[in-house]
Every structure is written in structure tokens, then in C-alpha cells.
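What follows is one structure encoded as C-alpha cells, with my remarks underneath.
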Amino acid sequence: MKRVVLLTGVALAFSSSLALASPESLLPPGFDNPAPKPTPKPAAPTPAPRPATPAPAARPNSGPAATAPSQAPVANAPAATDNSGSVVAGLPKNFPSIEQIEQMETDEVNELFGLKPKFDIPAAARRDVSQVGVIGEDEGGFPVASLANQPASLVRAVLTGTKGPLVSRWGHILLRRALASRMDTPKDMDPVEFAALRAGVLNRLGEGQVARSLVQDVDSANYNTDLADAAFDAYLQTGDILGMCPVARLKNDLRSDPQWEMIRAICGSFAGNARDGRRQLDRALSRGIAPRIDVLLAQRYAGAASDSSRAVDINWDKVEEMTPWRFAFAASLGLDMPKNLLDDAGAYYDRSAVLVPALPLAMRTKAADVAGAEGILSATAMVDLYSQVYASGDASDAMVEDANSLRAAYVAQGADERLEAMQALWGNDASDYSRLVLTAFAAARMPVSEDMADDAAPLIASMLTAGLDRNAEQWATVVPEGSEGWALLALAQPDRAGSVSTGNVRSFMDDDTSTNKRKTRFLVAGLAGLGRMDSGDVSSLSGDLGVDFNRQSPWSQRITLAAQYGNAELVALLAGLGMQGDSWSKMTARQLYIIVRSLNQVGLNAEARMIAAEAVARG
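In case it helps, mature numbering (1 follows the signal peptide of the UniProt record, and there is no 0) puts the sequence shown at residues -21 to -1, 1 to 598.
Here it is as C-alpha cells:
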């Protein structure tokens, strides 16, 4: 069995220790070193007094008296020459000529003459970067000081080590909440770096909308290159091309790549400098700084900012691959994308497609299977998509049939008919987890019946995808002991009393047909992590299954220590680090046990139960 890769190269900076002191108040850079006051200029000599003269009567609308310019040369001013060789006082050496200035872009001229602002918002409206986030503690976020005293090396290693999607839908939801919470910056870490690292993880998880909200919580003037990169990825992932403009125009030197140059030209066009933007993109096309299709897409987009009748033809014939740039621009422009470029493009484009409202409904609905299973879309959001398909009929026959089945799962007259409709959506073995998410609320409306006891497992699993544990618990009276439905409830019940019987677990193991008894391994790991099985029974069953729950690693030591100190935010981040992978075959029972135990210990019992039950359902 493959294991999840926990750390890459940095070993989680495990030589560091968890800090337990109270949060420190950090002064802004330069606070203790104010700039020196300018040396006052010598006062001009006071003229001798003259006899008083009656002042003339003021005229209506008269302006201030004109002052004759001084004929004295400017002291210490560098000299420059014009085209004729004459000396021009007060200009620096190598100052551009008038002809050169006329060829410059507007932003370059503003920068040359010091007209470019350093801030784009008033001082009173600027925000402190030491505490950045989308969800406050009173809105369900984690405590703001959770990471304030943690070593920067540890936090940095956890965030950079989280590279991709998680095997668990509920793990994804938990990690998203942890990353989006409004947090104090860890000690010895740059606040902007902290925001950039979190946004980068959100982008890699397919949470472009949350990443966009996070980067928008930082003023443009405070951006650095890393945050600009994370913001750029978030705006492309959500199809929000112009979202980058405040940063691109205010801090145009953060990047120097062709995409940044084209974005700046587009932003200039929409800011009223369509001529400059068109000229920049024409130059980019002639110089070949980027693939032709990329520049043409940029020209087509920038053209919407002017009244120009210039047409830009988009031809995909020689394009061999899809990229985030091409996908975002084509989606925003409403262009049809070649099917051959999308078929094998990868899961990134499915995650992105559900976030871009401009895309066709059928395309977004198809992509919802990936997004729903991973946790990007909620059960409610999936139902909304299929409801639109049902109302519009603008989709393939298969999607329209699925929309009809979903409607029947809610409104069919008999319970048997509603169950059949859900089974049609699940398929033969309910292996497509996104379809269980789709039917979560329909499953919760099913009446509890002994006649359906054999079909209870997928109904219970479906309810648990949306956290409907109280609805699922009602089936405890009818599911056979040792069945999969019983196993799911043994993990998911919020108020279970007493320990789980070893005999029931062994009955489940006897009927388990999963690879290497994976479902049974996950069941034992979840029950042990939740404290719902006696330690002796855990030892006996783990021995039979060949699982060593006591083996330690740097990752397990860190998450265990964080749980002991009650740091829920750090436990959530470390749990996400340990759940990376594209399927549950990448998760080990030992890792599941440590994650469930740690979450349960810091008060995240609901998340621990849902993750454990999901492991059995998808194992």
C-alpha cells in the first residue's frame, strides 16, 4: 500500500519546537527608526522696512499677484543637454528627449516625472497586514492567535509541503476553513508571505474563489512578488481577468514575464489608455514574447475596452495544449474551446470550470463531479446546478436524465420510487462519491424502514457527505450489526454510548471485499481515534490486520504535540498535510488514526467523525 508523502525536502522544520507563550505585539518596520528631519534652509534676509502705504482695494475675482521667476541658477542641480547640445538646467543626466518621451507608455511617463502614486487608497482606509483572513472567529473561523507564537519555519514547511488535493472531502473542507480564517502572523514571518503561502495552498486545492478573497484582504501597495503570483493564479482560476489590475498598475515591477506584460496592457486599456494597450500588445505579438494564441486572446479581451472595430480572429488549429491562461481568457470571452484540448487537460480545469459563471451550464455541471467529490462544491451547490439543467434543458441527454432523476428523488410519490431515482444517480455500486453528495438532502428525507435495511449504507453515506449525522442516526435501529451501514453509524453517531463490540467489527471484516481489507483497517483506526473501542480490542484487531498504530514519524510527533497543547488550527493544517493524495489508497490506517485522534482531542469531534466515516465509505 502506497503512503502519503508527508514532507518534501524540508522535513517540516522539525528541529523547531512549538511555542507556548502568549502572542507578542510587533511594531511595524521602521517604527523605532523615524526618518531624519530635513535640514532647514537658511532664511532669506529680511528687507528694510518701508513707509506704510495704503493697500489698494481688492478687485472681485482677482487672482494672486504674479511672481517673476528667479534668474539665479539652481544650486547643485545636474545639467542635461537638449538635442541641440544646449545645457538645460535642473534635469538629470541622460534625461529622455521629447521625442523619446512621446514614444513612452503612460505608466512610464508617470514614473519618469514622479506622478505614479505609491498608494491607491487613502491613509485612513489602509488595512493592517498583520491579521489577514476571510472568516472571523465569530463566523466559524479559528482563534486569531492560534499561530502567533509558532515558529515561522514550521508554518512555512507545512504550507509549502501541502502540494495538492486531499483524499478526504471533509479534510478539504476543514483545511479550507483553517486557511481562510483571520489569523495573526506567526512570529518572525513576514505578514505578506503568510498571506501568499495560504493563498497558494488554496489555489492548489482548487479553491480559487477563497484564495481571491484572501489576497483582496491585502492592500495593493503591500504586495510582494510571491503574493502577486498567488493572486495572479487565483484570478485566472476564477476567470477574473481584471481583478489583477489594481496591483498590476500600481506595482508594475513585481514581475517581468510576458503574461504580466500583457495583463498590464489589458489593464491600461480598461483604464482609458486603449491606444497604449493596443500598441503594447501589438509589440508583444511582433516580438513573439509569448505563444501567438496567448497574445491574440489578450488582444481580443483588451479590444472590449475601446470602440475599435478591429477584429481578432482566434484560431485553435495549431494549439496543442490547454493552459490556465488560455482557459481563463476563452471562458471570459465566451469562446468555444476545442474538445481535444479539454478531454485530457486534467482536474485543474474541472475545478476551475465550476468557478467561472461565464462557462456553459453543461460544462460546469460535468465538472461538478470532481468539485463535489473533493469538497469544493457543497451538496446545495450541486443541487442548484442540476436544477438549472432541469429548468433549461441546455445539456446532453445524460445530464437531463440525471436532472430528472434528482427531481424524482425529491418529489416522487413513493419511497421506493425515490430510492430507485437515487440509485440511478449512484450507479451500480455508488462508487462515484460526488453523486452521494448530490443526493444528501434527498436521502435525509427518506423514511426509516426495515424493508430498506439492505440499502441503508449508501443512504447513510450520502447523508454524511453533508454532515447530516442526526438524520443518519435514525437508521441505527434497522441496520444489521456488522454491516457497512452499522459501521458508518458506529463512527458518525455524535453521542454514542459504550464501546463497540469486537464481534461486530470481525463480522464486518469477514464481509469486507475491499483491497487488503482497507475498509476494516479504516474502521478500526477511526474507532480507536475516537476512543470508541477498548485498547485491548484495538491491539488484537490491529495485530490481525497488520497495522501498527504506535509507530512514530516527525509528522505524527508534531500533530500529536499540537493536539496535546490544544492548538486546533495547527492540528487542522497538519491533518491536511497528512491527507494529500488523489484516492484513499494513498492513505494508511495509522495516519487516519492519528488524524482522527488529534482532531477529536482539540474539540473538532464532528470533523473527526465525518472523516472517519468517509474513509470507510470510500475505502
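Ideal Cβ placement from N, Cα and C applies to all residues, glycine included.
One or two residues paired with residue i in a DSSP bridge
i, result
"Ser160", "Ile114"
"Gln238", "Looking at the DSSP assignment, Gln238 forms no beta bridge with any residue, so it has no partner."
"Gln559", "Leu145"
Cβ pair residue i, residue j closer than 8 Å
i, j, result
"Arg576", "Leu470", "no"
"Arg135", "Leu176", "yes"
"Leu221", "Cys246", "yes"
"Met488", "Thr481", "no"
"Val197", "Val180", "no"
"Gly508", "Tyr572", "yes"
"Asp434", "Leu398", "yes"
"Val123", "Glu116", "yes"
"Ser413", "Ala352", "yes"
"Ser192", "Val113", "yes"
"Ala547", "Phe121", "yes"
"Ser384", "Ala360", "no"
"Leu145", "Leu154", "yes"
"Met241", "Val274", "yes"
"Arg279", "Val298", "no"
"Gln570", "Ala542", "no"
"Ala568", "Val526", "yes"
"Phe501", "Val595", "yes"
"Ala476", "Asn450", "no"
"Tyr327", "Thr344", "no"
"Val427", "Trp454", "yes"
"Thr494", "Ala358", "no"
"Met213", "Gln238", "The question names Met, but residue 213 is Ala in the sequence shown. No, the Cβ-Cβ distance between Ala213 and Gln238 is not below 8 Å."
"Glu460", "Ser478", "no"
"Ala421", "Ala388", "yes"
"Leu321", "Met301", "yes"
"Ala350", "Gly185", "yes"
"Ala382", "Met425", "no"
"Glu429", "Val390", "no"
"Leu126", "Asp163", "yes"
"Ala190", "Ala200", "no"
Whole-angstrom C-beta distance between residue j and residue i, which should lie under 8 Å
i, j, result
"Lys230", "Arg183", "Not confirmed; about 24 Å, so no contact."
"Ala277", "Ala309", "Wrong, their Cβ atoms sit about 12 Å apart, outside the cutoff."
"Leu215", "Trp295", "Rounded, the Cβ-Cβ distance is 18 Å, inconsistent with contact."
"Val194", "Ala209", "6 Å"
"Glu463", "Ala436", "4 Å"
"Leu447", "Ala403", "Actually they are not in contact, since the Cβ atoms of Leu447 and Ala403 sit about 21 Å apart, beyond 8 Å."
"Arg156", "Thr204", "The pair is not a contact, with the Cβ atoms about 28 Å apart (cut-off 8 Å)."
"Leu578", "Val550", "6 Å"
"Val362", "Met378", "Val362 to Met378, Cβ: 14 Å. No contact."
"Thr217", "Gly256", "So it is not a contact: roughly 22 Å between Cβ atoms."
"Val137", "Leu583", "The pair is not a contact, with the Cβ atoms about 17 Å apart (cut-off 8 Å)."
"Trp563", "Arg530", "With a Cβ gap of about 20 Å, Trp563 and Arg530 do not count as contacting."
Chain B within 8 Å of residue i, Cβ atoms only
i, result
"Arg500", "In the displayed structure, chain B is absent; only one protein chain is listed."
Near the ligand ZN: residue i beta-carbon under 7 Å from a heavy atom
i, result
"Met223", "As far as ligands go, the structure on display features none, and thus does not contain the ligand ZN."
(message) Taking 8 Å as the cut-off, does the region 166 to 178 touch the region 319 to 337 (at least 3 CB pairs, one atom from each stretch)?
(response) no
(message) Report the start-end ranges of each alpha helix (DSSP H) in the region 491 to 524 that is 4 residues or longer and not cut off at the edges.
(response) 497 to 509, 514 to 524
(message) I'd like to know if the region 467 to 486 and the region 438 to 447 are in contact, where contact means that at least 3 CB-CB pairs between them fall below 8 Å.
(response) yes
(request) Assess, as a yes-or-no matter, whether the region 513 to 522 is touched by the region 142 to 153 under the definition of 3 or more beta carbon pairs within less than 8 Å. (result) no
(request) Specify whether the region 239 to 253 and the region 283 to 300 touch according to this definition: at least 3 beta carbon pairs, one from each stretch, less than 8 Å apart. (result) yes
(request) Report yes or no: do three or more beta-carbon pairs, one from the region 365 to 385 and one from the region 551 to 560, lie closer than 8 Å? (result) no
(message) Just to confirm the assignment: which complete alpha helix (DSSP H) runs, minimum length 4, are found wholly within the region 285 to 321?
(response) 303 to 312
(message) I'd like the ranges of any alpha helix (DSSP H) spanning at least 4 consecutive residues and lying wholly in the region 430 to 495.
(response) 435 to 444, 448 to 452, 463 to 471, 481 to 490
(message) Just to confirm the assignment: which complete alpha helix (DSSP H) runs, minimum length 4, are found wholly within the region 334 to 392?
(response) 340 to 353, 358 to 371, 376 to 390
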